[in-house]
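**Q**
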Amino acid sequence: MKEDGDAAIEVRGLTKRFGDKTVVDDVSLRVPRGSVFGFLGPNGSGKTTCLRMICGLLEPTAGDGTCLGFDILSQRREIKREVGYMTQKFSLYEDLTVAENLAFVARVYEMPDARHLLQQTLERFDLAGRQRQLAGSLSGGWKQRLSLAACMLHQPRLLLLDEPTAGVDPKARRDFWEEIHQLAAEGLTVLVTTHYMDEAERCTHLAYLAYGKLLVQGDPTSLVQQSGLTTFNVTARESADLAVRLRALPGVDLVAAFGKGLHVCGRDAVALRAALDAVAHEGEVEVRPGRTSLEDVFIYLMGQTPDNFANPSSASIEKGGAS
Ligand SMILES: Nc1ncnc2c1ncn2[C@@H]1O[C@H](COP(=O)(O)OP(=O)(O)OP(=O)(O)O)[C@@H](O)[C@H]1O
Ligand SMILES: [Mg+2]
Numbered sequence: 361m362k363e364d365g366d367a368a369i370e371v372r373g374l375t376k377r378f379g380d381k382t383v384v385d386d387v388s389l390r391v392p393r394g395s396v397f398g399f400l401g402p403n404g405s406g407k408t409t410c411l412r413m414i415c416g417l418l419e420p421t422a423g424d425g426t427c428l429g430f431d432i433l434s435q436r437r438e439i440k441r442e443v444g445y446m447t448q449k450f451s452l453y454e455d456l457t458v459a460e461n462l463a464f465v466a467r468v469y470e471m472p473d474a475r476h477l478l479q480q481t482l483e484r485f486d487l488a489g490r491q492r493q494l495a496g497s498l499s500g501g502w503k504q505r506l507s508l509a510a511c512m513l514h515q516p517r518l519l520l521l522d523e524p525t526a527g528v529d530p531k532a533r534r535d536f537w538e539e540i541h542q543l544a545a546e547g548l549t550v551l552v553t554t555h556y557m558d559e560a561e562r563c564t565h566l567a568y569l570a571y572g573k574l575l576v577q578g579d580p581t582s583l584v585q586q587s588g589l590t591t592f593n594v595t596a597r598e599s600a601d602l603a604v605r606l607r608a609l610p611g612v613d614l615v616a617a618f619g620k621g622l623h624v625c626g627r628d629a630v631a632l633r634a635a636l637d638a639v640a641h642e643g644e645v646e647v648r649p650g651r652t653s654l655e656d657v658f659i660y661l662m663g664q665t666p667d668n669f670a671n672p673s674s675a676s677i678e679k680g681g682a683s
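Rendered as structure tokens:
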């Protein structure tokens with residue numbers, strides 16, 4: 361087994377084509393060991409397909425690399441043994457109890473000390489009190505917890521979580537993220553897809569995929585820096601058409617509502633400042649330097665890429681200057 365320095369995952373040129381449609385296009389990714397790595401991107405951008413290639417469930421059309429030091433092309437069986445994969449739709453048996461669901465997973469992995477591990481897992485994830493409850497009768501938050509327990513049962517070194525908190529209430533989401541950080545602190549690497557900005561901000565590293573292409577990757581602070589965006593907070597007493605007016609100005613690349621004000625961002629700081637000064641001069645509008653948020657960056661990136669549901673073969677990806 362070849363362990364690649366500090367990387368849990370290192371893939372190069374990962375590509376997947378279904379027929380003549382390229383859904384993952386030349387993706388190179390490095391996921392440091394012990395990181396909580398957030399994978400973002402619009403619907404259909406290829407996140408799930410990437411996860412499945414990384415954990416050996418799907419053969420890439422092109423590209424190579426390692427996952428936990430194992431070759432993603434030739435050592436898929438070894439990878440599956442060391443990875444916990446929580447799929448996008450909870451894959452629980454609704455007619456089985458909590459304990460029976462876990463026992464089933466233990467049998468699939470042919471675990472020698474299953475009874476002990478099962479009990480340990482029930483306790484670790486606060487499921488002991490509900491072990492006789494049918495999985496189908498659990499609330500969304502508890503189903504999610506059971507799913508996480510099920511993919512942790514075989515004590516993996518890497519967790520792949522595909523939109524684990526979709527449809528789960530804010531309290532359960534927060535608890536779930538506490539759990540993720542606890543697991544990472546214990547040495548696990550976590551690769552998680554999400555559409556939520558607050559979750560992105562909780563990640564140690566991020567990658568953004570659009571149309572199968574990786575646009576940016578890095579830690580949250582460096583992504584904000586790489587975007588090259590300058591941001592101003594703009595407020596006005598009468599702001600009904602302000603956003604529309606601002607969007608039409610030279611130097612303004614993005615206008616997004618934040619609370620009572622607007623975040624106005626642009627890559628050309630001088631042009632942006634000049635345009636906003638002119639507006640402020642008209643009166644009733646206050647312009648103050650602001651801080652570019654991750655959300656600004658991702659909304660900007662999304663605006664730079666074509667609609668995923670448009671005709672993909674004719675679409676081109678702009679770099680957005682942020683890579
Ligand atoms: N087995 C398949 N055969 C053909 N096309 C597929 C297959 N699996 C995925 N696709 C297509 O690949 C593209 C990427 O899908 P994928 O599920 O990886 O996106 P995603 O980023 O996970 O999206 P979402 O955020 O909606 O989960 C989509 O256009 C999808 O329809
Ligand atoms: Mg998906």
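First residue of the sequence shown? That's 361 in this note's numbering, and the numbers climb one at a time after it. No residue lacks a Cβ here, since even glycine has one placed at the ideal position from N, Cα and C.
Run the CB neighbour count on Pro524, radius 10 Å, all protein chains shown included, and call it buried at 16 or more, exposed below.
**A** Along the sequence shown, read from residue 1 onward, the residue named residue 524 stands at position 164. Pro524 should be labelled buried.
**Q** Measure the alpha-carbon distance for Val604 versus Leu632 and round it to whole angstroms.
**A** Here the question's residue 604 lines up with position 244 in the sequence shown. Here the question's residue 632 lines up with position 272 in the sequence shown. Taking the straight line joining both Cα atoms gives about 15 Å.
**Q** How would you call Gln504, buried or exposed, if buried means at least 16 neighbouring beta carbons within 10 angstroms?
**A** Locating residue 504 in the sequence shown gives position 144, counting from the first residue. When all chains shown are included, Gln504 counts as buried.
**Q** In its own chain, which residues sit with a C-beta less than 7 Å from the C-beta of Asp366, not counting the 5 before and 5 after it?
**A** Counting from 1 along the sequence shown, the entry for residue 366 is found at position 6. Taken in chain order, the residues that qualify are Pro392, Arg393.
**Q** What three-state label does DSSP hand Ile677 in the structure shown?
**A** By 1-based counting over the sequence shown, the position of residue 677 is 317. Interpretation of Ile677 is limited by its pLDDT of 33, a score under 50 that renders its predicted location unreliable; the figure taken from the coordinates is listed afterwards. In this structure, Ile677 counts as coil in the three-state DSSP scheme.
**Q** CB Gly572 to CB Val371, shorter than 7 Å?
**A** Numbered from 1 along the sequence shown, position 212 holds the residue referred to as residue 572. Numbered from 1 along the sequence shown, position 11 holds the residue referred to as residue 371. No, the pair does not count as a contact, with Cβ atoms beyond the cut-off.
**Q** From this set, Val387, Thr409, Ile439, Phe399, which residue's C-alpha is nearest Phe378's C-alpha?
**A** The residue labelled residue 378 in the question sits at position 18 within the sequence shown. Measuring from the Cα of Phe378, the nearest candidate turns out to be Thr409.
**Q** Please state whether DSSP places Lys449 in a helix, a strand or coil.
**A** Numbered from its first residue, the sequence shown carries residue 449 at position 89. Residue state, collapsed to three classes: coil.
**Q** Please list the terminal residues of the continuous alpha helix (DSSP H) segment that includes Glu539.
**A** Here residue 539 refers to the residue found at position 179 of the sequence shown. Unbroken alpha helix (DSSP H) run through Glu539: 530-545.
**Q** Can you list every residue whose CB sits closer than 6 Å to some heavy atom of ligand 1, going in chain order?
**A** Matched residues: Phe378, Val383, Gly401, Asn403, Gly404, Ser405, Gly406, Lys407, Thr408, Thr409, Gln448.
**Q** My output table needs one value for Pro392: the three-state DSSP class, helix, strand or coil.
**A** Residue 392 sits at position 32 when you count from the first residue of the sequence shown. Looking at Pro392 - three-state DSSP - the assignment turns out to be strand.
**Q** Using only the alpha-carbon positions, how far apart do Gly578 and Val550 sit?
**A** Your numbering for residue 578 matches position 218 in the sequence shown. Your numbering for residue 550 matches position 190 in the sequence shown. If you take the alpha carbons of Gly578 and Val550, they lie about 15 Å apart.
**Q** What span of residues does the alpha helix (DSSP H) with Phe464 cover, start to end?
**A** Numbered from 1 along the sequence shown, position 104 holds the residue referred to as residue 464. Segment 458-468, the alpha helix (DSSP H) holding Phe464.
**Q** Could you tell me the alpha carbon to alpha carbon distance between Leu543 and Phe536, rounded to whole angstroms?
**A** Locating residue 543 in the sequence shown gives position 183, counting from the first residue. Locating residue 536 in the sequence shown gives position 176, counting from the first residue. Taking the straight line joining both Cα atoms gives about 11 Å.
**Q** Mind checking whether Gly547 and Val528 have CB atoms under 7 Å apart?
**A** The sequence position of residue 547 within the sequence shown is 187, counting from 1. The sequence position of residue 528 within the sequence shown is 168, counting from 1. Contact: no.
**Q** Taking just the CA atoms, how far does Glu561 sit from Val396?
**A** Along the sequence shown, one-based indexing puts residue 396 at 36. Along the sequence shown, one-based indexing puts residue 561 at 201. About 11 Å.
**Q** Measure the beta-carbon distance from Gln448 to Asp522 and round it to whole angstroms, keeping in mind my assumption that it falls under 8 Å.
**A** Residue numbering aside, residue 448 sits at position 88 when the sequence shown is read from its first letter. Residue numbering aside, residue 522 sits at position 162 when the sequence shown is read from its first letter. The pair is a contact, with the Cβ atoms about 4 Å apart (cut-off 8 Å).
**Q** Just tell me which of Asp486, Val647, Asp455, Met557 has its CA closest to the CA of Val684.
**A** Because the chain spans 361 through 683 in this model, residue 684 falls outside it and cannot be assessed.
**Q** Return the CA-CA distance between Leu519 and Thr652, expressed in angstroms with no decimal places.
**A** Numbered from its first residue, the sequence shown carries residue 519 at position 159. Numbered from its first residue, the sequence shown carries residue 652 at position 292. Distance between the alpha carbons of Leu519 and Thr652 is about 30 Å.
**Q** Helix, strand or coil for Pro580 per DSSP?
**A** As a working mapping, residue 580 is identified with position 220 in the sequence shown. The answer is helix: DSSP assigns Pro580 an H, G or I state.
**Q** Quick one: give me the first and last residue of the alpha helix (DSSP H) that Ala634 is part of.
**A** To locate residue 634, count along the sequence shown from 1; it is residue 274. Counting along the chain, the alpha helix (DSSP H) containing Ala634 begins and ends at 629-641.
**Q** Distance check for Pro420 and Met471, CA to CA, integer angstroms please.
**A** The residue labelled residue 471 in the question sits at position 111 within the sequence shown. The residue labelled residue 420 in the question sits at position 60 within the sequence shown. Met471 and Pro420: Cα-Cα distance of roughly 29 Å.
**Q** Once you ignore the five residues that flank Arg533 on each side, which residues in its own chain have a CB closer than 7 Å to its CB?
**A** One-based indexing of the sequence shown puts residue 533 at position 173. Thr525.
**Q** Using a Cβ-Cβ cut-off of 8 Å (strictly less than) and excluding sequence neighbours within five positions of Glu559, which residues of its own chain qualify?
**A** Your numbering for residue 559 matches position 199 in the sequence shown. Around Glu559: Gly398, Thr525, Arg533, Trp537, Val552.
**Q** Output the boundary residues of the alpha helix (DSSP H) element that contains Tyr660.
**A** Within the sequence shown, residue 660 is the residue found at index 300, counting from 1. Note, Tyr660: alpha helix (DSSP H), 654-664.
**Q** By Cβ distance, which residues of its chain are closer than 6 Å to His514, with the 5 residues on each side in sequence left out?
**A** Here the question's residue 514 lines up with position 154 in the sequence shown. Correct list, in chain order: Tyr469.
**Q** Compare the C-alpha of Ser624 against each of Leu456, Ala596, Val645, Thr591 and name the closest.
**A** As a first step, residue 624 must be located in the sequence shown, where it is residue number 264. Note that residue 624 is Val in the sequence shown here, rather than Ser. Per the Cα distances, Thr591.
**Q** Among Gly429, Ala510, Thr457, Tyr660, which one has its Cα closest to the Cα of Ala495?
**A** Here residue 495 is taken as the residue at index 135 of the sequence shown, counted from 1. Of the candidates Gly429, Ala510, Thr457, Tyr660, the one whose C-alpha sits nearest the C-alpha of Ala495 is Thr457.
**Q** Does Gly398 come out as helix, strand or coil in the three-state DSSP assignment?
**A** Counting from 1 along the sequence shown, the entry for residue 398 is found at position 38. Reduced to three states, the DSSP call for Gly398 is strand.
**Q** By Cβ distance, which residues of its chain are closer than 6 Å to Asn593, with the 5 residues on each side in sequence left out?
**A** The residue you call residue 593 lines up with position 233 of the sequence shown. Excluding residues within five positions, the ones whose Cβ falls inside 6 Å are Gly621, Arg648, Gly650.
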